[in-house]
Amino acid sequence: MKKNDAYLHIGRASDLSGVDRTLYRFFEMIPGALSVITLLLFIVLSFFIPSVVAYFTIGFSAYWLFKTIFLTTHLRHNFKRMTHNLNIDWTKKLENTNHEEIIHLVILPFFREPYEVLAESVRAIDTASFSNKQIAVVLAAEEAGGREALESAQRIEKEFQNTFLAIMTTVHPKGQEGEIPGKGSNIAYAAKVSKEKIIDARAIPHEKVIVSAMDSDTVVYKDYFSCLTWHFLTCDNPLRSSFQPVPLYNNNIWSSPMLSRVLGYSSTFWQMIQQERPERLSTFASHAVPLVPLIEANYWQRNMVNEDSRIFFNLFMLYDGDYEVIPLSYPVSMDANVAPTFWGTVQNLYKQHLRWSYGSAENIPYLMFHFIKNPNISLVKKVRLLFVHIEGAWSLAVQPLILFAVGWMPLVIGGKDFNNTVLSYNLPIVSSWFLTAAMFGLVFLAIYSLQLIPKNPQNHTFRAQVPMALQWILVPFTMVIFSSIPGLDAQLRLAFGKYLGFWNTPKFRT
Numbered sequence: 032m033k034k035n036d037a038y039l040h041i042g043r044a045s046d047l048s049g050v051d052r053t054l055y056r057f058f059e060m061i062p063g064a065l066s067v068i069t070l071l072l073f074i075v076l077s078f079f080i081p082s083v084v085a086y087f088t089i090g091f092s093a094y095w096l097f098k099t100i101f102l103t104t105h106l107r108h109n110f111k112r113m114t115h116n117l118n119i120d121w122t123k124k125l126e127n128t129n130h131e132e133i134i135h136l137v138i139l140p141f142f143r144e145p146y147e148v149l150a151e152s153v154r155a156i157d158t159a160s161f162s163n164k165q166i167a168v169v170l171a172a173e174e175a176g177g178r179e180a181l182e183s184a185q186r187i188e189k190e191f192q193n194t195f196l197a198i199m200t201t202v203h204p205k206g207q208e209g210e211i212p213g214k215g216s217n218i219a220y221a222a223k224v225s226k227e228k229i230i231d232a233r234a235i236p237h238e239k240v241i242v243s244a245m246d247s248d249t250v251v252y253k254d255y256f257s258c259l260t261w262h263f264l265t266c267d268n269p270l271r272s273s274f275q276p277v278p279l280y281n282n283n284i285w286s287s288p289m290l291s292r293v294l295g296y297s298s299t300f301w302q303m304i305q306q307e308r309p310e311r312l313s314t315f316a317s318h319a320v321p322l323v324p325l326i327e328a329n330y331w332q333r334n335m336v337n338e339d340s341r342i343f344f345n346l347f348m349l350y351d352g353d354y355e356v357i358p359l360s361y362p363v364s365m366d367a368n369v370a371p372t373f374w375g376t377v378q379n380l381y382k383q384h385l386r387w388s389y390g391s392a393e394n395i396p397y398l399m400f401h402f403i404k405n406p407n408i409s410l411v412k413k414v415r416l417l418f419v420h421i422e423g424a425w426s427l428a429v430q431p432l433i434l435f436a437v438g439w440m441p442l443v444i445g446g447k448d449f450n451n452t453v454l455s456y457n458l459p460i461v462s463s464w465f466l467t468a469a470m471f472g473l474v475f476l477a478i479y480s481l482q483l484i485p486k487n488p489q490n491h492t493f494r495a496q497v498p499m500a501l502q503w504i505l506v507p508f509t510m511v512i513f514s515s516i517p518g519l520d521a522q523l524r525l526a527f528g529k530y531l532g533f534w535n536t537p538k539f540r541t
């Protein structure tokens, strides 16, 4: 590590002792406490002061409308930016740069994914516009994945053995002390091994290496590495920057059920919105980190669930706030979350969003603890980052329930006196007007999703695209079932010390 920071890789309160453990444990309770207190206040006040809740619900509905307009505007800007970037000749833009010196180390961690999933990802890297002789591919297997998984990796390694600068398979040992089995511990092991066997063995300067940690189903677009290289070479401080593409869940979109499509594109749109607000952006899923800061941080955390966002916060703390995520506004394609049955898909979607929500919640105590311990980060950065993540976790869990359930409690339990008031009469009318107006934002989501979706391999007619547009009427339902409920679930698990383990999203193709 760059400095002796014993706190850098804290995963949970149990990693600490004494006063530090008590303090961190208190911070772990804050996200869940804020959400539960908010919802309880709505219910309790609906009994005793229903008019206050009614006014707040109307105000909150208005706020939701203006927030929808604000976010839709950012989405529109990023959609135009991404479309523009897809049409740029990034290879030509690299002319007159020292791009020939840059090496991409691509890590594809996997557990028991089928050969076809991994092979498609490697083929996409092979056909990318950037020189294959400047790309090293690491197939990061898990020992717990068994013999079949290892054989898939070895088959791919043999198939592409003369294609790249290097291709190798690493096998992450199971049962390592201080680790949670999952992507973080796997890619940390793979990065360390491949650094020694590929980068150091060829005496490649570390400052010329960009490490891409990609989900096993990530299919890069043709100019992805050229785009990433250009941003690395032209940004203000490349060794203090991570790089984030836009995840499109397009690989199996035409064979995915409606719920998977809506939630997949909802995640895509949220990432696009965040790319227009880089001060709020952290790394997510497939991302890229220069090798130098990665080594100084001792790679990704091995003792937590969501290593993808945490590596940004590790580096932010390591460099006293002098670290950022640069949005690429350029996509990579991934799998929508599906299972062989409808209920299996519902369960998988819930588990995936529970894991994401848990990651959002567990970053809050990490930030609060480090901000107390580190006086070198400016107060402005501390306040801004804390507000962004506390408000984000709170909104995720609470807002949909207020809008579609709890906010209407005064009409149910407010009593006769309240129900005879003009306010009681106007509450559903005014709130419904604001919510209906906000739902017009779904029209834009439908339009953008239809433009992002790939061509149907079966050449279906226009009729096949109609469900792709109408599916957005499910958003109020998905906001409650796959946002609020897993959000509260995750926050309460963290608050009560019922820490979540890593769940590997199964890859299923029809």
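Following my numbering, the numbering of the sequence shown begins with 32 at its first residue and continues without gaps.
Glycine included, each C-beta is placed from N, C-alpha and C at the ideal position.
Distance, residue j Cα to residue i Cα
i, j, result
"TRP464", "ASN457", "10 Å"
"GLN115", "TYR38", "At residue 115 the sequence reads His, which differs from the Gln that was named. Their Cα atoms are separated by approximately 42 Å."
"ASN345", "THR467", "42 Å"
"PHE527", "PHE343", "26 Å"
"SER45", "ARG52", "7 Å"
"ILE516", "HIS108", "30 Å"
"HIS401", "ILE395", "10 Å"
"ARG333", "ALA319", "18 Å"
"PHE91", "VAL363", "36 Å"
"LEU102", "LYS382", "26 Å"
"MET199", "GLU188", "6 Å"
"LEU227", "TRP121", "Correcting the residue type first, residue 227 is Glu in the shown sequence and not Leu. Taking the straight line from one Cα to the other gives about 31 Å."
"LEU410", "ARG154", "47 Å"
"GLY42", "ILE230", "29 Å"
"PRO537", "VAL506", "24 Å"
"PRO25", "PHE539", "Given a span of 32 to 541 for the chain in the structure shown, any question on residue 25 remains unanswerable."
"SER455", "PHE78", "14 Å"
"LEU259", "VAL169", "18 Å"
"ALA424", "PHE73", "18 Å"
"TRP503", "LEU398", "35 Å"
"VAL202", "VAL356", "30 Å"
"ASP520", "ARG178", "35 Å"
"SER388", "VAL224", "31 Å"
"TYR94", "ASN450", "24 Å"
"MET60", "LEU523", "8 Å"
"ARG233", "PRO269", "22 Å"
Beta bridge counterpart(s) of residue i as assigned by DSSP
i, result
"SER243", "VAL137, ALA319"
"HIS203", "GLU173"
"PRO358", "GLN275"
"ILE166", "HIS135"
"VAL363", "VAL251, PRO278"
Minimum Cβ-Cβ distance from residue i to chain C less than 8 Å
i, result
"PRO441", "Of the chains in the structure shown, none is chain C; there is only one protein chain."
Cut-off 6 Å between Cβ atoms - residues of its own chain near residue i, not counting five sequence neighbours on either side
i, result
"LEU419", "Note that residue 419 corresponds to Val in the displayed sequence, not to Leu. ARG311."
"ALA180", "ARG143, ALA172"
"SER480", "TYR296"
"PRO309", "PRO358"
Reduced DSSP category for residue i - H, G, I as helix; E, B as strand; rest coil
i, result
"SER313", "coil"
"HIS237", "helix"
"VAL336", "coil"
"VAL377", "helix"
"ILE198", "strand"
"ALA521", "helix"
"SER426", "helix"
"ILE408", "coil"
"LYS33", "Model confidence at LYS33 stands at a pLDDT of 43, short of 50, so the residue's coordinates are unreliable; what they give is reported in the following sentence. Three-state DSSP puts LYS33 in coil, outside helix and strand."
"SER216", "helix"
"GLY445", "coil"
"SER160", "coil"
"ARG186", "helix"
"HIS40", "coil"
"TYR146", "helix"
"CYS22", "As displayed, the chain neither begins before 32 nor continues past 541, which places residue 22 out of reach and without an answer."
Residues near residue i by beta carbon distance below 8 Å, same chain, minus five either side
i, result
"MET32", "Summary for MET32: the model assigns pLDDT 42, below 50, so the residue's position carries little reliability, and this model does not support an answer."
"GLY176", "PHE141, PHE142, ARG143"
"TYR354", "ARG271, SER272, SER273, PRO324, PHE343, LEU346, PHE347"
"ILE284", "ARG292, GLY295, ALA367, ILE484, PRO485"
"LYS239", "GLU132, ILE133, ILE134"
"LYS34", "Caution is warranted here: a pLDDT of 45 is assigned to LYS34, below 50, making its placement in the model unreliable, and no coordinate value can be reported."
Sequence-distant residues of the same chain with beta carbon closer than 7 Å to residue i, five excluded per side
i, result
"ALA159", "VAL251, LYS253, TYR255, PHE256"
"PRO288", "VAL369, PHE373, THR376"
"THR99", "ALA469, GLY472"
"GLY390", "VAL336, ASN337, SER340"
Near the ligand SAH: residue i beta-carbon under 7 Å from a heavy atom
i, result
"THR452", "The ligand SAH is absent from the structure shown, which contains no ligand whatsoever."
**Message:** To test your reading of the DSSP string, which unbroken alpha helix (DSSP H) runs of 4 or more residues are found completely within the segment 269-315?
**Reply:** 289-306
**Message:** For a minimum of 4 consecutive residues, which ranges assigned as the alpha helix (DSSP H) are wholly contained in the segment 81-118?
**Reply:** 81-117
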